[in-house]
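In our numbering, the protein residues as written are 11 to 133. Cβ coordinates follow ideal geometry from the N, Cα and C atoms, glycine included.
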């Protein structure tokens, strides 16, 4: 994974969470790859957009062995999706819990399984 690809994934997630109004999360994500803080404009992002941008960033961080950062972002995704149980149900929360566990275990293969699961849940 190149630094440019990591920066692109960080910028995508930062822009999405900025549109949610979560400035602290957006600022932390931009700091991971040294990208400019996003402008908070546009429509609220979809769950799919947050899920794909978030898991993409977690995978990119794992690819460059930044496991602590990957776990931090996986934890943030789990927090976000755990706040939506009535809308998404328990399976989505479990998928992000697995993403966090794989990040903490520094298990790239297991992490990829949960990235694939999230993509299947949010087509």
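- Under the three-state reduction of DSSP output, residue 132 falls in the coil class, being neither helix nor strand.
- Around the beta carbon of residue 56, fewer than 16 other beta carbons sit within 10 angstroms, so the residue counts as exposed.
- Within the model, the alpha-carbon separation for residue 84 versus residue 73 is close to 14 Å.
- For residue 101, the CB contacts under 7 Å within the same chain, skipping 5 residues up- and downstream, are 131 in chain order.
- Counting of Cβ neighbours within 10 angstroms places residue 24 among the buried residues, the total reaching 16 or more.
- Put simply, of 21, 68 and 77 the residue whose alpha carbon is nearest the alpha carbon of residue 87 is 68.
- Nearest C-alpha to residue 42 among 80, 49, 128 and 60: 80.
- In the structure shown, the three-state DSSP call for residue 54 is coil.
- Assignment of residue 112 by DSSP, reduced to helix, strand and coil, places it in the helix class.
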